[in-house]
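S.K.: Okay, so the sequence shown: first residue is 24 according to the working numbering, each after it adds one. Here's a structure for you.
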Amino acid sequence: MSFDPQNPRGSASPPNPPPTTKSAANYIPPQPVNRGPSRALIAGGLAVAILLVGIVLLLVLNLFKSPAASPAPSASTPVASHAAATPAGSPNTSSVPSGVPPTIGSSLPPTTGPSIVAPSPGTPAAELLTNIPESVRATCATAAGSDAILVSATCSADGGAISVTYDQYGDATSMDAAYETVFAREQIDQGTGSCEDHSTWPAEGPYQVQNQPAGRRLCTDRPGSSTIYWTDDRLTILSTAATSTGDYAGLLQFWTNEAGPIQ
């Protein structure tokens with residue numbers, strides 16, 4: 024018998040028992056990691072699935088959705104404003120010096136004017152219309168003024184060839200200051216030239232109505248426009264008439280016979 028250091032007694036070594044695996048109760052041994060799809064990939068797939076479901080639902084809803092009826096356009100008809108007719112007085116002109124650039128009122132005939140709506144009786148706009156000759160009044164559109172202007176009326180004459188603006192001021196001082204601002208730009212002296220003689224334009228000077236002083240007038244030529252500005256001391260109205268047709272004679276005739284303002 025050979026000597027076995029693990030069995031010093033020399034006894035025969037029992038055969039090695041088969042290996043056994045002991046596990047504690049309720050013990051779960053570690054499991055190998057199952058490398059499945061990543062969380063990001065799963066989340067992406069869910070997002071795509073949700074998006075597809077949403078698209079399908081929208082398509083289904085659109086199939087069964089009835090078309091909405093479009094609203095019918097409402098047509099509005101401009102209402103012409105008419106004030107009580109008042110006999111127009113024609114100003115008797117006197118020599119006038121040169122004029123100023125078109126700044127007060129419009130210097131060109133309007134192409135497409137605003138809708139004309141009659142103002143309420145007793146308002147400043149309605150009062151202003153009564154001072155505008157009837158031949159022009161029906162074309163006027165009124166609007167609230169700014170600064171010292173209480174109300175304005177924008178009108179046309181001679182088939183639209185002449186544009187006219189009437190600015191109602193609260194007092195003569197404000198009206199004269201506005202006229203002086205326009206006159207100063209012409210850099211001429213008062214009483215210069217004559218509005219009746221186009222060769223002397225710009226021209227500026229006083230004018231009369233029924234042989235009584237009524238205000239001052241300024242006649243100017245600017246590229247593409249001839250303009251007349253005039254004050255009315257009786258009504259504190261500063262008016263502007265302009266044409267782009269080059270017909271200064273027709274403009275002057277309109278001012279003399281139709282423009283007003285009237286009392």
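The C-beta atom is built at its ideal place from N, Cα and C for all residues, glycine as well. Computed from a prediction, not measured in an experiment: that's the story for all the values here.
For S289 and P229, I'd like the C-alpha separation in whole angstroms.
M.R.: Any property of residue 289 remains undetermined from this structure, which presents the chain solely from 24 to 286.
S.K.: Under the rule that 16 or more other beta-carbon atoms within 10 Å means buried, what is Q286, buried or exposed?
M.R.: exposed
S.K.: I need the boundaries of the beta strand (DSSP E) containing A237, first residue and last residue.
M.R.: Q235 to R245
S.K.: For a test of the three-state rule: what should DSSP assign to P284, helix, strand or coil?
M.R.: coil
S.K.: State the Cα-Cα distance for the pair Q276 and I155, rounded to the nearest angstrom.
M.R.: 17 Å
S.K.: Excluding the 5 residues preceding and the 5 following G168 in the sequence, name in chain order all residues of the same chain whose CB lies nearer than 6 Å to its CB.
M.R.: V174 and S175
S.K.: Compare the Cα-Cα distances from Q233 to each of S158, A180, N280 and D181 and report the closest residue.
M.R.: N280
S.K.: Rounded to the nearest angstrom, how far is the Cβ of R239 from that of Y189, given a contact under 8 Å?
M.R.: Contact between R239 and Y189 fails: their C-beta atoms lie close to 16 Å from each other, not under 8 Å.
S.K.: Assign T266 to one of three DSSP states: helix, strand, or coil.
M.R.: strand
S.K.: Among S186, S222, I185 and G193, which residue has its Cα nearest to the Cα of A148?
M.R.: G193
S.K.: What residue range is occupied by the uninterrupted alpha helix (DSSP H) comprising T177?
M.R.: Per DSSP, T177 belongs to no alpha helix (DSSP H); it is in the beta strand (DSSP E), I172 to A180.
S.K.: Which two residues bound the contiguous alpha helix (DSSP H) that contains P147?
M.R.: P147 to T153
S.K.: If you draw a straight line from the alpha carbon of P144 to that of T268, how long is it in whole angstroms?
M.R.: 36 Å
S.K.: Throw me the rounded Cβ distance for the I251 and A237 pair, which I believe falls under 8 Å.
M.R.: Between A237 and I251 the Cβ distance is about 14 Å, and since that is not below 8 Å, they are no contact.
S.K.: Use the C-beta contact count for P225: other C-beta atoms within 10 angstroms, 16 or more gives buried, fewer gives exposed.
M.R.: buried
S.K.: Going by C-alpha to C-alpha distance, which of Y271, L258 and R257 sits closest to P246?
M.R.: Y271
S.K.: Here's the rule: buried if 16 or more other CB atoms are within 10 angstroms of the residue's CB, otherwise exposed. What is I211?
M.R.: Buried: at least 16 other Cβ atoms inside 10 Å.
S.K.: Check Q213 in the structure and name its three-state DSSP category.
M.R.: coil
S.K.: Rounded to the nearest angstrom, what separates I185 and W278 at their Cα positions?
M.R.: Taking the straight line from one Cα to the other gives about 10 Å.
S.K.: I need the straight-line Cα distance from D170 to L81, nearest angstrom please.
M.R.: About 57 Å.
S.K.: Please report the straight-line C-alpha distance between R257 and A164, rounded to a whole angstrom.
M.R.: 23 Å
S.K.: Give the DSSP-derived three-state secondary structure of A164 in the structure shown.
M.R.: When secondary structure is reduced to three states using DSSP, A164 falls in the strand class.
S.K.: Given that a residue counts as buried once 16 or more other Cβ atoms are within 10 Å of its Cβ, and exposed if not, what is V187?
M.R.: buried
S.K.: Looking only at its own chain, which residues have a Cβ that is under 6 Å from the Cβ of A166, when we skip the five neighbours before and after it?
M.R.: S175
S.K.: Please classify T5: is it buried, with 16 or more other beta-carbons within 10 angstroms of its beta-carbon, or exposed?
M.R.: As displayed, the chain neither begins before 24 nor continues past 286, which places residue 5 out of reach and without an answer.
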